[in-house]
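Notes follow the structure.
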Amino acid sequence: MTTDDEAEILALMRAARERSRGYADFFGWAPNRDLEEFGVISSLVESMTADGVSFYQNMKSRCRPNDPPDCEAINSSGERVAIEVTELVEGEAIRAFKEGRVYDWAEWTQDKFISYLAQRIDAKDGRYPYLKDPPYEGGYVVVVHTDEPELRHSTVREYLKDHPIPRPAHISRVILVLSYDPSVQRCPYFELPFNG
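This note's numbering numbers the first residue of the sequence shown as 60 and each following residue consecutively.
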């Protein structure tokens, strides 16, 4: 490695650190959002595989400016699937962290959690008409990820129990992925049931 290579790597590391928000950013990859989104999907696939569950095949990132969708894949019937990735995080907690209040974590009641989750799903459902290169005969999947410190596996499981999400107009499947949990040795995930 040359001195110029080292200087370039250090410059990239500094830029990434400056763009990092520091709060709830397990999945964060500040230098490249496309890699961040693909990383979320990769973590989900790894966890599902560990459970003996298959996701989709031929996963690929569409990269800017070819999105939405963020990624696409092929289902077991050979049909294309559109996959959008979105984050569940509280903006006020990010601001608090940046102001030096590093332990002012967001507090999550069940109602707040369900409300924020529904907002993320509604926002992505509204993006359906803007998907590029349709049709996606295999469906439109939304993957919501979070690293909120108070949204641990057991808490989320309890919050989601007997609490189906209103059926979106266009989304065929919603999966919530949490950051790595040592108690399960992977990123826990929840397939969200729809009502109606």
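Quick reminder that beta carbons are idealized off the backbone N, C-alpha and C, glycines included. Computed from a predicted structure; not experimentally measured.
Where residue i falls, given that 16 or more other Cβ within 10 Å makes a residue buried
| i | result |
| --- | --- |
| residue 233 | buried |
| residue 320 | The question about residue 320 has no answer, for the chain in this structure spans 60 to 255. |
| residue 137 | exposed |
| residue 242 | exposed |
| residue 123 | exposed |
| residue 145 | buried |
| residue 201 | buried |
| residue 227 | buried |
| residue 216 | exposed |
| residue 61 | exposed |
Range of the contiguous beta strand (DSSP E) that encloses residue i
| i | result |
| --- | --- |
| residue 120 | 116 to 120 |
| residue 248 | 248 to 250 |
| residue 236 | 232 to 237 |
| residue 140 | 139 to 146 |
| residue 228 | Taken as a continuous stretch (DSSP letters only), residue 228 belongs to no beta strand (DSSP E), as it is neither H nor E. |
| residue 131 | 130 to 133 |
9 Å Cβ cutoff met for residue i and residue j
| i | j | result |
| --- | --- | --- |
| residue 97 | residue 129 | yes |
| residue 199 | residue 141 | yes |
| residue 237 | residue 176 | no |
| residue 190 | residue 127 | yes |
| residue 196 | residue 139 | yes |
Paired residues, beta bridge with residue i - DSSP
| i | result |
| --- | --- |
| residue 240 | 245 |
Give, in chain order, every unbroken run of the alpha helix (DSSP H) that is at least 4 residues long and sits entirely within the region 166 to 217.
169 to 185
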